[in-house]
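Every position in the sequence shown, counted from 1, becomes a number in our numbering once 162 is added.
The beta carbon of each residue, even a glycine, is placed where N, CA and C say it ideally should be.
Source: prediction; values computed, not measured.
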Amino acid sequence: MNIVRLHGRPFFKMCLIILEEDTEQIDRLDRANLLYLVIQKFAEEVDLSPKAVSNNEMGYIFEDLIRRFSEMSNETAGEHFTPREVIRLMVSILFDPDMKHICEPFFMAKLYDPAAGTGGMLSAGIEKAAELNENALIEVYGQELTKRPMPFASPIP
């Protein structure tokens with residue numbers, strides 16, 4: 163199972179959405195002829211490829227960005243993400259009754275998160291299933307009311 167695929171191209175889409183929503187800062191950088199330099203510097207010095215940054219690390223990065231944007235706009239960060247530690251606990255509780263079946267050959271299951279956000283719960287479910295049974299096939303489905311997080315979690319075809 164290669165769950166790091168969850169943060170390849172969709173992470174770029176998520177960045178574009180954040181950039182679209184913060185046009186004031188972008189316009190200011192552009193007027194000062196600094197926008198290209200900022201993006202170029204970031205691209206040269208920060209490797210966010212799936213080889214360099216694990217799915218879990220990418221989740222922390224995105225959640226930190228959400229927290230910072232929430233603080234700037236006086237929103238509650240908890241409305242945007244569930245801490246990774248809580249997600250791991252929830253996945254363990256969810257999987258515990260089915261532990262025997264998950265370890266069986268050809269195990270298949272569907273996992274649904276009605277408040278998917280960044281897809282953290284879904285990716286943690288895939289990780290846990292792979293940890294228990296590397297041949298497990300987990301189909302994940304998520305739903306979200308807000309536009310911002312979903313491109314990050316959408317699967318790559």
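Per the C-alpha coordinates, the member of PRO259, GLU186, LYS290, ILE300 positioned closest to PHE269 is ILE300. With a 10 Å radius around the Cβ and a threshold of 16 neighbouring Cβ atoms, SER285 comes out buried. In the structure shown, ALA271 adopts extended strand secondary structure according to DSSP, grouped into three states. Closest in alpha carbon position to GLN305, among THR280, TYR222, ARG246, is THR280. Where GLU206 is concerned, the enclosing alpha helix (DSSP H) starts and stops at 197 to 207.
Per the C-alpha coordinates, the member of LEU294, ASP192, TYR198, TYR222 positioned closest to GLU266 is LEU294. Following the DSSP letters along the chain, one finds GLY304 inside the beta strand (DSSP E) bounded by residues 299 to 304. Secondary structure at GLU247: helix, using DSSP grouped into helix, strand and coil.
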